Amino acid sequence: MNESTPPKEERMAALSGLGTSRKRVEDARFTQGKGNYVDDMKMPGMLFGDFVRSPYAHARIKSINTEAALALPGVHAVLTAADLEPLGLHWMPTLAGDKQMVLADGKVLFQGQEVAYVVADDRYVADDGIQAVVVEYEELPVIVDPFKAELDDAPVLREDIADQSEGAHGPRRHPNHIFTWESGDRAATEAVLSEAEVVAEEMIYYHRTHPCPLETCGCVASMDKVNGKLTVWGTFQAPHAVRTVASLISGIAEHNIRIVSPDIGGGFGNKVGVYPGYICAIVASIVTGVPVKWVEDRMDNLMATAFARDYWMHGKISATKEGKITGLWCHTTADHGAFDACADPTKFPAGFMNICTGSYDIPTAYLAVDGIYTNKAPGGVAYRCSFRVTEAAYFIERMIEVLAIKLGMDAADLRVKNFIQKDQFPYQSALGWEYDSGDYHTAWSKALAAVDYEGLRAEQAERLAAFNRGETRKLIGIGLSHFTEIVGAGPVKNCDILGLGMFDSCEIRIHLTGSAIARLGTISQGQGHATTFAQILASEIGIPAEDITLEEGDTDTAPYGLGTYGSRSTPVAGAATAMAGRKIRAKAQMIAAYLLEVHDNDVEWDVDRFVVKGAPERFKTMKEIAFASYSQAIPGVEPGLEAVSYYDPPNMTYPFGAYICVMEIDTDTGTTEIRQFYALDDCGTRINPMIIEGQVHGGLTEALAIALGQEIAYDEQGNVTTGTLMDFFIPTAWETPNYQTDFTETPSPHHPIGAKGVGESPNVGGVPAFSNAVHDAFKSFGLTQSHMPHDHWRIWKIANSLGLHD
Ligand code: CDP
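Throughout, my numbering is defined as the position within the sequence shown, counted from one, plus 649.
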């Protein structure tokens, strides 16, 4: 006998499905200190490995003497490139088709580069060993300025490829040149610019910064020589890709490698790539026969692991006198450091920088990017962004401001005049993308109304007048940003990394009593996947989210996927989850129809059950169907209730947002105070509004850090001058303002539940809002452009250069 049916609303609420602000299931263990991070791992006999690092940015290595280190009690081995060479592991492939030294092979190319690997009883003995290794260096001239890298007398950095005129991304014109990548129509754009009524031109620098996750990178490698199985637990944002790459590099068959990402304390792109530390820990475990741990300290992390940005973007934008944009031109000089280790899809060596036409209907555009080698750490990762989208958004949102000044127009009006119209979607951009959906005018109007934009401008003008009368030393800046993101790589036909197609996956197994486990190819690093993906499933298969366990990160159990970065989890793995759920439902429909003795087409889905059409009292709940699927012989239907989906998205998703920052700037001290920050995000269908809000808060705080102080800086000798958290700005609650969040909801037409990604949006949209506020405060005094980060000292210098100090 069936139980009676509770009301639909009650049954929906019991599921905690789509649109519910379900509390994060992860937090019970995180807030009690019960997380399981790599450095928590303790294994019998485990050793610790750590690096001798180069103090020089560019030097030849004349000798390495390891004798004294090896003589220290507790030191088990010291590896150098000479030890790795017979294994073919002294160099490794990078994600960008270049190669990178695992341990210094003849020379070093950046400060902090890995020179030797000391394996010892623990990290303290390893450190003693590091101090005892004697390395003789011969200093070489250093390049820190990418614009000097191709001068005639520039030192050749990469002697290993000096004679190669072709790189992974086409021709190279100089030994320090990596590639030229072009997009759009150069001739047409230059013609439009030459005939334009108004052209604004700027050099916009997006400085070198670093993702700096709370947990640094690390791993524990354990080679079990009895059964030939290698297990590596590590801070991996893409565990399956690591398994494949590890197999290809080491020659160990892929089924004998197990990669596990346990809890990860933030990734932000820092944990996508493969680092020498992983290779050395694996080799050391093979050599010593016991597990070997490697965990960076904070200075290692800041100096040597993947940096972000470092793009010099020279832009020109043309318009009619009335402010209709006619063309956009950009040439970017991209400082990639010593090895090209950028984490970008193969066909996009400058990532998705060609989304730089932004939210605007710009008919003609051209983008060229030149990648350059310098004596800096390699990387070029998407720091909370989708493959250089944040650079693109910063570029266009600054160019709009510069154009507005040139036109004498209000920057908000200029945006309205040029937004892609709602009825133009799907929209084909001049640089080749098809934007899936958007409603920019609605979002923008909502944002302007929410902050009383007119009122703010009036107040700003009054303040300026008071400033000019000498009644105050503070100016008001209103920072506008309307960004469009591109997230969710694939599709496979366009996007691969090292030949691995960028799809994602979900496998669902319904248990006999009606609860479930779902495993995904992604891996959460704090985004709350265990909470939100269970919500997608709850809505798809009618099992309460709390009855669904979600697992990610173990390559022995999870289906193959390309991992979590670039806000791709929801657009790709989230879609796979919905699709796998629908396969479960399709089979459940057959089972329900059999149990109810009707044709398959005579039952319909109703929240958590199949109901006979026209006879609502006759139904089978998902729980009953699950039980029957395992326990009853159903003709023509296999026992069990499982499904897997490998999802290759037909397009990316294009979330967008309207951000407004109101900033008070003290012209005498250069200090800034964020008085108001309004952030409207449109990420399509919202799975969990509370998690979205948390993502936006976190991303905005990173954006604030980047715009207002965070930087990896080098002196002329290539020394990193910001290698500790004393110098590298991490905002605390003190600097973090109160954020006002809002939303519109424009579903993606091609995503099964209409969701777009959101994790990166606040960083992408936030940086221009903060930076534009600084520029806006000083624009009446003639400032059009100044480089980030806008720390107090730099703002003071702006005020000083504009003659605002007596
Ligand atoms: O790939 P990553 O997890 O970093 O980014 P994401 O796909 O944008 O998702 C970040 C978090 O926000 C996840 O827990 C998502 O499920 C959640 N989210 C949501 O609730 N609704 C959306 N439309 C997009 C993301």
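We treat Cβ as the ideally placed atom computed from N, Cα and C, and that holds for glycine.
These numbers were taken from a predicted model, which means no experiment stands behind them.
Neighbour-count burial assignment, residue i, 16 or more Cβ in a 10 Å radius
i	result
Ala1227	buried
Ser712	exposed
Ser1035	buried
Gly1057	exposed
Ser1218	buried
Lys920	buried
Lys996	exposed
Met852	exposed
Pro656	exposed
Asn950	buried
Met650	In this prediction, Met650 scores a pLDDT of 41, lower than 50, which makes its location untrustworthy; the coordinate-derived value is nonetheless stated afterwards. So Met650 ends up on the exposed side.
Ser669	It should be noted that the sequence gives Thr, not Ser, for residue 669. Its Cβ being crowded by 16 or more others within 10 Å, Thr669 is buried.
Ile1379	exposed
Val1221	buried
Thr1213	buried
Pro693	exposed
Val1458	Nothing can be reported for residue 1458, as the shown portion of the chain is limited to 650 through 1455.
Ser653	exposed
Gln1073	exposed
His1454	exposed
Thr629	With the chain running from 650 to 1455 in the structure shown, residue 629 is simply not present.
Asn1387	exposed
Val875	exposed
Gln681	exposed
Ser616	One cannot answer for residue 616 here, as it falls past the ends of the chain, which runs 650 to 1455.
Cβ-Cβ separation, residue j to residue i (assumed contact under 8 Å), whole Å
i	j	result
Asp1425	Arg1122	At roughly 17 Å, the Cβ-Cβ gap does not stay under 8 Å, so Asp1425 and Arg1122 are not in contact.
Ala726	Ala933	6 Å
Pro994	Ile1146	6 Å
Lys1066	Lys973	6 Å
Leu1161	Ser1280	7 Å
Gly1163	Met1271	6 Å
Asp1153	Tyr1303	Not confirmed; about 18 Å, so no contact.
Tyr705	Val767	Actually they do not touch by this definition, with Cβ atoms about 19 Å apart.
Ser665	Val848	With a Cβ gap of about 54 Å, Ser665 and Val848 do not count as contacting.
Ala1362	Thr1370	5 Å
Asp1251	Gly1191	Contact doesn't hold; Cβ gap of about 19 Å is too wide.
Gly918	Pro998	Going by Cβ atoms, the distance from Gly918 to Pro998 rounds to 16 Å, so no, they are not a contact pair.
Gly1414	Ala1042	6 Å
Three-way DSSP call (helix, strand, coil) for residue i in this model
i	result
Thr669	coil
Gly1348	helix
Glu831	strand
Thr880	strand
Pro925	helix
Trp1383	coil
Ser712	strand
Met650	Reliability of the predicted coordinates at Met650 is poor, the pLDDT of 41 falling under 50, and no value is obtained from them.
Thr1316	coil
Ala1448	helix
Leu696	strand
His859	coil
Ala1194	helix
Leu1097	helix
His904	helix
Leu1329	strand
Pro1265	strand
Tyr1308	strand
Gln762	coil
Glu1360	coil
Ile792	coil
Gln681	coil
Ile853	strand
Ser910	coil
Asp747	coil
Identify every run of the beta strand (DSSP E) within the segment 1100 to 1184, keeping only runs that are complete inside it and at least 3 residues long; order them along the chain. Listed in chain order, they are 1123 to 1133, 1153 to 1159 and 1165 to 1169.
Complete beta strand (DSSP E) runs within the segment 944 to 1018 (minimum length 3 residues, chain order): Those beta strand (DSSP E) runs which fall completely within the segment 944 to 1018 and span 3+ residues are 956 to 968 and 974 to 986.
Runs of beta strand (DSSP E) lying entirely within the segment 1368 to 1449, each at least 3 residues, in chain order: Taking only runs of at least 3 residues, the beta strand (DSSP E) segments lying wholly in the segment 1368 to 1449 are 1388 to 1392.
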